[in-house]
Structure formats: C-alpha cells, structure tokens
Amino acid sequence: MNQDEEAVFERERMRMVDEQLRRRGIHEPRLLQAMLKVPRHRFVPAEHRHLAYVDGPLPIGAGQTISQPYIVALMTQLLRLEGDENVLEVGTGSGYQAAILAELARKVHTIERHAELAERARLILQELGYQNIQIHVGDGSLGLAEFAPYQAIIVTAAAPKAPQALLEQLDEGGRLVIPVGGQWGQMLERWTRHGARYEQEEFVPVSFVPLRGEAGWKDERWEWD
0 MNQDEEAVFE
10 RERMRMVDEQ
20 LRRRGIHEPR
30 LLQAMLKVPR
40 HRFVPAEHRH
50 LAYVDGPLPI
60 GAGQTISQPY
70 IVALMTQLLR
80 LEGDENVLEV
90 GTGSGYQAAI
100 LAELARKVHT
110 IERHAELAER
120 ARLILQELGY
130 QNIQIHVGDG
140 SLGLAEFAPY
150 QAIIVTAAAP
160 KAPQALLEQL
170 DEGGRLVIPV
180 GGQWGQMLER
190 WTRHGARYEQ
200 EEFVPVSFVP
210 LRGEAGWKDE
220 RWEWD
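Using numbering that gives the first Met the number 0, read the sequence shown as starting at 0 and increasing by one per residue.
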C-alpha cells in the first residue's frame, strides 16, 4: 500500500470519527484518539478494503464480520477503561476490536474459535507492533479462567444470556459488555460485579452473529438448551 493510499484512508478515518462517532455521542477522548490511530482498513479483506470506513459491518470470512465502527466505539466506551485493566475479548474476529482495546488497557486476552481468523489477526496485530495482546483459540463462551480476574470483558457475538463463566471471571467492579438475544432481536447489555451481585443495564438494540460454544447458541437455528 503506497503513501497516497494511506493518506486517503487517513482522511476517511478522520471523517469516520467526526461523522459516525462524535455526532452519535462517543465522547471519551482516549477512545476517539484510538479510533483515529488504528488503521481499520488493515483488518478488512482486500476485496472490501475500499469500504473499511463506511458505517456498517463487513464480512471477514468464516461467516464472521468486523463490526460497524460506531458499535465498536460504543461497546468500548461502555467498558469505561482507564488504562490499567486486564481485558478479555470473546470473539477476536479480524483483530480490530483487540487493537482498540490495546490502545486503552494494560493487557488484552482475546479468544477466537476459528483458528484461521485467530492466525490472521495475530499476523496483522504483530505487523502493527502490538505487544500487549495475547490471542487464544478455544470456546470463548467459557472465558479464560487462567488469566482472570478481568476488570473488563467484551463479547462480540450474541449470547442467549450473559454466560455465568464470564460473570464469575469479572473482578470486583468489573464490567461485562455483551449483546444478548437471538436471531430476531438482541440488546446490548452491561453487567457490573458488586461482590456476589451483578448490576444489569440495557442500552441499544444491536445485530450480531451468534456466539457459539458451551454457553452460546448450539446450531444455525439459534437453539441453545
């Protein structure tokens, strides 16, 4: 990619932040700076790269998508990151969300069930110089207990309900941001841990691919029990 192309993408990224994020209530300065810095087009397949900064999701293979920029920013803002957090991301996908998190937190563990997506994301993140991201392959619906507790957990696929394993891996005061619901309707939720109690909040309707795994949806019919 030559300098002229990179300059075009940089202008598109600035426009994305101004028109898609600031105008829609994304206001956290560190988050806006991260969205300006991270080259989203590097995480998008070549055939869709010209659409990298449009206001919508894009396919990345294996039936998965890179989320709409606004949704990435909104979910990240709801995590309320301050810079010293140990974060878990469930659903690495393209690696873009992990890069945003890595700009804002101390350590990011991200887990992906598709090995080919995990490897592609690892290579891109390595090329971009990220050293505080660790990628794992496995069932993200069960979390990663060996690296818990987490001050923040983000799930980038829709679950039938907030998985108990993820709630239990939250630190005191930790936040879980997750889309909950099925094929015909999902709600973005935040769960905050207060000892043995969890505070649940609902925000906006969303549309995500299903979370697969032991605590996720079992098949293409969105059945889980």
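Every residue, glycine too, gets a C-beta built ideally from N, C-alpha and C.
Since the model is a prediction, treat every value here as computed from it, not as a measurement.
Of the residues Gly60, Ala33, Leu35, Glu198, which one's Cα is nearest the Cα of Val43? Translated into the one-based positions of the sequence shown, residue 43 becomes position 44. Closest option to Val43, Cα to Cα, is Gly60.
State buried or exposed for His193, treating a residue as buried only when at least 16 other CB atoms are found within 10 Å of its CB. Mapped onto the sequence shown, residue 193 falls at position 194. The residue is exposed, with fewer than 16 neighbouring Cβ atoms inside 10 Å.
By DSSP, does Tyr149 sit in helix, in strand, or in coil? What you label residue 149 is simply residue 150 of the sequence shown in a count that begins at 1. Looking at Tyr149 - three-state DSSP - the assignment turns out to be strand.
Would you give the residue range spanned by the beta strand (DSSP E) that Thr86 belongs to? On the sequence shown, position 87 is the one that residue 86 refers to. In the sequence on display, residue 86 carries Val and not Thr. Unbroken beta strand (DSSP E) run through Val86: 85-89.
Out of Trp216, Phe202, Glu201, which one is the CA nearest neighbour of Val208? As a first step, residue 208 is located in the sequence shown; it is residue number 209 there, counting from the start. Taking only the C-alpha atoms, the option nearest Val208 is Trp216.
DSSP state of His135, grouped into three classes? Counted from its first residue, the sequence shown places residue 135 at position 136. Three-state result, His135: strand.
Please state the DSSP three-state secondary structure of Tyr95. On the sequence shown, residue 95 is found 96 positions in, with the first residue counted as 1. If DSSP states are grouped into helix, strand and coil, Tyr95 belongs with the helices.
Closest residue to Phe8 among Ile25, Pro28, Pro38 (Cα-Cα distance): For the purposes of this step, residue 8 is taken as the residue at position 9 of the sequence shown. Comparing Cα-Cα distances from Phe8 to each of Ile25, Pro28, Pro38, the minimum goes to Pro38.
Please classify Gly55: is it buried, with 16 or more other beta-carbons within 10 angstroms of its beta-carbon, or exposed? Residue mapping note: residue 55 aligns to position 56 of the sequence shown, counting from 1. With fewer than 16 Cβ atoms within 10 Å of its Cβ, Gly55 is classed as exposed.
Could you tell me the boundaries of the beta strand (DSSP E) in which Gly170 lies? By one-based count along the sequence shown, residue 170 stands at place 171. Before going on, a small fix: residue 170 reads as Asp here, not Gly. Segment 169-181, the beta strand (DSSP E) holding Asp170.
In three-state terms, what does DSSP make of Gln63? Working through the sequence shown from its first residue, we reach residue 63 at position 64. In the structure shown, Gln63 sits in a strand (DSSP, three-state: E or B).
Would Tyr129 pass as a contact of Ala151 if the rule is Cβ separation under 8 Å? The count along the sequence shown starts at 1 and reaches residue 129 at position 130. The count along the sequence shown starts at 1 and reaches residue 151 at position 152. Not closer than 8 Å, so no.
With Gly139 and Ile110 assumed to form a contact (beta carbons below 8 Å), what rounded beta-carbon distance in angstroms separates them? Here residue 139 refers to the residue found at position 140 of the sequence shown. Here residue 110 refers to the residue found at position 111 of the sequence shown. 4 Å between Cβ atoms; contact.
In angstroms, rounded to a whole number, what distance separates the CA positions of Ala120 and Ser66? Reading the sequence shown from its first residue, position 121 is the one you call residue 120. Reading the sequence shown from its first residue, position 67 is the one you call residue 66. The straight-line gap from Cα to Cα measures roughly 15 Å.
As assigned by DSSP and simplified to three states, the class of Gln199: Translated into positions along the sequence shown, residue 199 becomes position 200. Three-state DSSP puts Gln199 in a strand.
Rank Met34, Glu200, Met15, His135 by C-alpha distance to the C-alpha of Val179 and give the top, closest one. Mapped onto the sequence shown, residue 179 falls at position 180. Closest by alpha carbon: Glu200.
Check the DSSP bridge columns for Lys106 and list the partner residues they point to. Your numbering for residue 106 matches position 107 in the sequence shown. Partner(s): Asn85.
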